[in-house]
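Novice:
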Amino acid sequence: MKQDIHEYLAEFDDIPGTRVFTAARARKGYHLNQFAMSLMKPENRERWKAGERAYLDTWPLTEDQKLAVLARDYNRLLDLGGNIYFLSKIFSSDGIPFAEACSTMTDMTFPEYRQMMLDGGRSPEGNRSIKGGY
Amino acid sequence: MARITAGVGSSHVPLLGVAVDQGKWQDDYFGPIFKGYEWTREWEKAEKPDVIVLVYNDHASAFDANIIPTFAIGCGEHYKPADEGWGPRPVPDVEGAPDLAWHIAQSLILDDFDMTIINEMDVDHGLTVPLSMMFGQPETWPCKVIPLAVNVVTYPVPSGNRCWALGEAIKRAVESFPEDLNVQVWGTGGMSHQLQGPRAGLLNREWDNRFMDLLIGDTQAARHIPHIEYLRETGSEGIEMVMWLIMRGALGRKTRLLHRHYHIPCSNTAIGHMVLEPVE
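Protein chains in written order, with the numbering used here: chain A, 156 to 289; chain B, 1198 to 1477.
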C-alpha cells in the first residue's frame, strides 16, 4: 500500500464546504441512493409523484433521511450518505436544473449563484483547506 | 495492425447535450463553448476513426450503488442512451466493437489490470455528450465505440498513476490487434467543478490549464498528482480529470498538441477540450 488509508481519508475532512463520498458515506447512504436511483424508472416516478411519503415508506430509510428528502435539504442528505449524482434523480424528477439545486446548498440565491458562475465561478482562494486557511 | 492515432480530452457536461438536442448551441451562452469544437469536428471528418475507446464515468445510470467497478469495459454489440430522469437523449444508439473490445479486455487482464466486463448497459451523458460535441447530430454515429467506465464517484477512485498505466496497457492491447484499424482514445469529464455542499461552484482556471499543459510533450508529472490536490484545487467533481490520464497514457512517450479550448462556465463547470497526437 503506497499511502496509509487513515491519512488518506483524514485529509478529506480538511476541505471547506465539501463532503467527499467515502466508503463510510456510501454505506450510510446505500438505501437513500438506491431510492433516488429508482426514480429513473417512469413507473416509479409516477408512484413517487402520487405520494412522496408513501413511496419513501417502501424503502428502508431512516426517519432523518426521509424528512430530509421531503424537505429537499440536500446538504443534510449529503451528511446522511447521499451522493449528488444519485440525489440528482430527485431534483430532476422535480424539474429543477442542476445549477439551481447546487445553489440551494450554498448561502446564495439561484440568481446570485448563476451570476457568480458567469463571473468565473467560486475562487479556490481561501477555499482549499480549513486548517491551512489558504 | 490496429493503431492509436490520436487522443481527445473533453468535458461531458449534460447541459451541452441539452443545448445540442434543443438547438441552442449557437446562442450567446453556448456559442463560445461550441466554437471551440468546430476545429475538431472538421478534423474528425478527415480522420475517420474506425473505433473510439471512450473513457467516461457513469452518473448513477447503468450502475447503481450496488456494484462499483473501478475499471469496466463494454464488450457488447450496441448500447442505448440512458433515461437519466427526463427521458433518453434523442441521439443514435451507440454501436460497439466487440471483437476489439474483448481483445483489449483479455490483453488488459493478462497485463495485470483486472477489468470488469459489461455486455449490456445503457450509456449516459458521460458518453453521449462527447460524441455530440465531436460529431454533431448525424443519423448514425460515424464510428464504433468501446465504452470504458471508471469509478470517479466512490472513494478511493483509481490513482492518476494507475489511470496513466491503464492507458499504456490499452496502447499495447490495441497494437496487438491484427485488423488494420484507426483507433482514438478519448478521456472525458472535468474540468474543475463542484456540484455539492456550501463550496459548490468552485472553478480553477489556472489549475485546469496547468493540467492541460502537463498532457503535452514528454512530461509524466500529471501521473503523480494526488487525489487531495484535485479535491482542494478543482472541486469535488474535478477528480474526473484522472480519466484524461488514461487517454494520455495511451498516446505513448510523447505527444503533440493539435487543438486546445477552454471556457468558463457551462452551468457549474469549466469546459476543457484538447486534441493530441502521439509523437513516435
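Heads up, the beta-carbon is just placed ideally off N, CA and C, and yes, glycines get one too.
Express the C-alpha separation of Leu1324(B) and Thr1431(B) in angstroms, rounding to a whole number.
Specialist: Computed Cα separation, rounded: 22 Å.
Novice: Who are the neighbours of Glu166(A) on chain B, taking C-beta pairs under 7 Å?
Specialist: Chain B residues near Glu166(A): Ile1425.
Novice: Per DSSP, Met1471(B) is paired with what?
Specialist: Gly1206(B), Arg1457(B).
Novice: Relative to the C-alpha of Trp1383(B), which residue among Ile1367(B), Glu1434(B), Asp1308(B) is closest?
Specialist: Among Ile1367(B), Glu1434(B), Asp1308(B), the Cα nearest to that of Trp1383(B) is on Ile1367(B).
Novice: Compare the C-beta of Phe176(A) against all C-beta atoms of chain B and say whether one is closer than 9 Å.
Specialist: True, the Cβ-Cβ gap to chain B drops below 9 Å.
Novice: From Asn230(A) to Ala1397(B), what distance separates their C-alpha atoms?
Specialist: The alpha-carbon atoms of Asn230(A) and Ala1397(B) are separated by roughly 11 Å.
Novice: Is it true that the CB of Pro1423(B) sits closer than 9 Å to the CB of Gly1357(B)?
Specialist: Against a cut-off of 9 Å, the Cβ pair of Pro1423(B) and Gly1357(B) comes out as a contact.
Novice: So if I threshold CB-CB distances at 9 Å, which residues from the region 1387-1408 of chain B count as touching chain A?
Specialist: Those would be Ser1389, His1390, Gln1391, Leu1392, Gln1393, Gly1394, Pro1395, Arg1396, Ala1397, Gly1398, Leu1399, Leu1400, Asn1401, Arg1402, Glu1403, Trp1404, in chain order.
Novice: Between which two residues does the beta strand (DSSP E) containing Leu1251(B) stretch?
Specialist: 1248-1253 is the extent of the beta strand (DSSP E) around Leu1251(B).
Novice: For Tyr1352(B), would you say it is in contact with chain A, using Cβ-to-Cβ distances shorter than 9 Å as the test?
Specialist: Chain A, which has a Cβ nearer than 9 Å to the Cβ of Tyr1352(B), makes this yes.
Novice: Thinking just about the alpha-carbon of each residue, which of Phe1408(B), Leu1448(B), Ala1199(B), Leu1251(B) is nearest to the one in Glu1292(B)?
Specialist: Glu1292(B) has its Cα closest to that of Leu1251(B), out of Phe1408(B), Leu1448(B), Ala1199(B), Leu1251(B).
Novice: Where Ser1207(B) and Ser1258(B) are concerned, what is the direct C-alpha to C-alpha distance, given to the nearest angstrom?
Specialist: The straight-line gap from Cα to Cα measures roughly 20 Å.
Novice: Distance, Cα to Cα, Ala256(A) vs Gln1219(B)?
Specialist: Answer to the nearest angstrom: the Cα atoms are 21 Å apart.
Novice: If you count every other CB in all the chains shown that lies within 10 Å of the CB of Arg1450(B), and 16 or more means buried, which is it?
Specialist: By the neighbour-count rule (16 or more Cβ atoms within 10 Å), Arg1450(B) is not buried but exposed.
Novice: Could you tell me which uninterrupted alpha helix (DSSP H) segments, each at least 4 residues in length, are contained entirely in the region 167-193 of chain A, listed from first to last along the chain?
Specialist: Whole alpha helix (DSSP H) segments, 4+ residues: 178-183, 185-193.
Novice: May I ask you to report which of helix, strand or coil DSSP gives Thr1466(B)?
Specialist: Strand.
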